[in-house]
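In order, the protein sequences belong to chains R and G. Per my numbering, the first sequence runs over residues -13 to 96. Per my numbering, the second sequence runs over residues 97 to 208. Okay, so here's the structure we're looking at.
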Amino acid sequence: GQQVMQIPQYQHVQEGEDFTTYCNSSTTLSNIQWYKQRPGGHPVFLIQLVKSGEVKKQKRLTFQFGEAKKNSSLHITATQTTDVGTYFCAGRSNDYKLSFGAGTTVTVRA
Amino acid sequence: SAVISQKPSRDICQRGTSLTIQCQVDSQVTMMFWYRQQPGQSLTLIATANQGSEATYESGFVIDKFPISRPNLTFSTLTVSNMSPEDSSIYLCSVEVVNEQFFGPGTRLTVL
């Protein structure tokens, strides 16, 4: 079945620095979604990417969908303490199933 | 958007017992999803619940262990039956609205 791999599992970032989390799927995706889960909270939808090579920005967050629609990345610039949490990608396969990556847990050093 | 509430928010149960989790959505939705999230882990889909038909279970999950009801378009229940400590987890209800997945606050279950 479809698998979505996400790395790194943990990211310790100095406040103000940038970081990137990556997702790779074993199969071609119809779309990919990104979620953020704050400690003790539930996942909150951030964005959906549909088109090959699509790039979307939300303030300091840049989301990218690969040309082959098998990989995606989330890049955060100038990390702030409010960025703490776990970021999940979720790939939608052609049979409409949504598979979540393992998540990248981000901690920030002030 | 969708606002989802779940009851209970948490519970501590004895092994061998069953717990029913309720999920209420503020709008009518066709499909409701039940996920499990073990501590520090990702989300795993248990089943998809459609109103008026039997739930569709993912590999590794069976109806006898996780019976689901979907009596109407705004409500669903998930029962965790004959619980063991391995069932300790957060159970999340979810709906999809215009390609966006909304999650409830979750039910944190501890089985002793």
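Glycine residues also receive a C-beta, built at the ideal position from the N, C-alpha and C atoms.
When the Cα atoms are used, what is the spatial distance from residue -2 (chain R) to residue 8 (chain R)?
Taking the straight line joining both Cα atoms gives about 15 Å.
I'd like the list of long-range same chain contacts for residue 167 (chain G), defined as Cβ closer than 8 Å, with 5 residues on each side in sequence excluded.
147.
Nearest chain G C-beta to residue 49 (chain R) closer than 7 Å, yes or no?
By this cut-off, residue 49 (chain R) is not an interface position.
Kindly examine the ligand GDP and report whether one of its heavy atoms sits closer than 6 Å to the Cβ of residue 199 (chain G).
Because no ligand of any kind appears in the structure shown, any question about the ligand GDP cannot be addressed here.
Report the CB separation of residue 111 (chain G) from residue 177 (chain G) in whole angstroms; it is logged as a contact under 8 Å.
That pair is no contact at about 12 Å.
Name the two residues that bound the continuous beta strand (DSSP E) containing residue 76 (chain R).
Unbroken beta strand (DSSP E) run through residue 76 (chain R): 71 to 78.
Give the single residue among R:70, R:14 and R:49 whose Cα lies nearest to the Cα of residue 78 (chain R).
Looking at the Cα atoms, R:14 is the closest of the given residues.
Residues of chain G with CB under 7 Å from residue 88 (chain R), in chain order?
Going along chain G in sequence order, the residues near residue 88 (chain R) (Cβ under 7 Å) are 138.
Out of curiosity, what's the CA-to-CA distance linking residue 189 (chain G) and residue 124 (chain G)?
Answer to the nearest angstrom: the Cα atoms are 14 Å apart.
So which residues of chain G does residue 34 (chain R) contact, with C-beta pairs closer than 8 Å?
What residue 34 (chain R) touches in chain G: 195 and 196.
Compare the C-beta of residue 28 (chain R) against all C-beta atoms of chain G and say whether one is closer than 7 Å.
Taking Cβ atoms only, chain G reaches closer than 7 Å to residue 28 (chain R), which makes this a yes.
Using a Cβ-Cβ distance cut-off of 7 Å, determine whether residue 201 (chain G) contacts chain R.
Yes, residue 201 (chain G) counts as interfacial toward chain R.
Given a limit of 7 Å on CB to CB distance, which residues of the segment 166 to 196 of chain G reach chain R?
Taking 7 Å as the Cβ-Cβ cut-off against chain R, the residues of the segment 166 to 196 of chain G that qualify are 188, 195 and 196.
Where do the N-terminal and C-terminal ends of the beta strand (DSSP E) with residue 143 (chain G) fall, by residue?
Residues 139 to 146.
What does residue 31 (chain R) reach in chain G if we use C-beta pairs closer than 9 Å?
Near residue 31 (chain R) (Cβ distances below 9 Å), the residues of chain G are 196, 197, 198 and 199.
Are the CB atoms of residue 10 (chain R) and residue -9 (chain R) nearer to each other than 7 Å?
Yes, the Cβ-Cβ distance between residue 10 (chain R) and residue -9 (chain R) is below 7 Å.
Going by Cα to Cα distance, which pick from R:65, R:67, R:49 and R:68 is closest to residue 59 (chain R)?
It is R:49.
On the criterion of 16 or more Cβ atoms from any shown chain inside 10 Å, does residue 57 (chain R) qualify as buried, or is it exposed?
Classification for residue 57 (chain R): buried.
Which residue spans inside the segment 144 to 178 of chain G form an unbroken beta strand (DSSP E) run of at least 3?
Fully enclosed beta strand (DSSP E) runs of 3 or longer: 164 to 168 and 171 to 176.
Going by DSSP, which residues form a beta bridge with residue 7 (chain R)?
DSSP output for residue 7 (chain R) lists R:60 as bridge partner(s).
Provide the residue span of the beta strand (DSSP E) that contains residue -10 (chain R), from first to last.
Counting along the chain, the beta strand (DSSP E) containing residue -10 (chain R) begins and ends at -10 to -7.
Kindly give me the distance between the Cβ atoms of residue 94 (chain R) and residue 65 (chain R), rounded to whole angstroms, as I take these residues to be in contact under 8 Å.
Between residue 65 (chain R) and residue 94 (chain R) the Cβ distance is about 6 Å, and since that is below 8 Å, they are a contact.
Taking buried to mean at least 16 other C-beta atoms within 10 Å of its own C-beta, is residue 26 (chain R) buried or exposed?
By the 10 Å Cβ count, residue 26 (chain R) comes out exposed.
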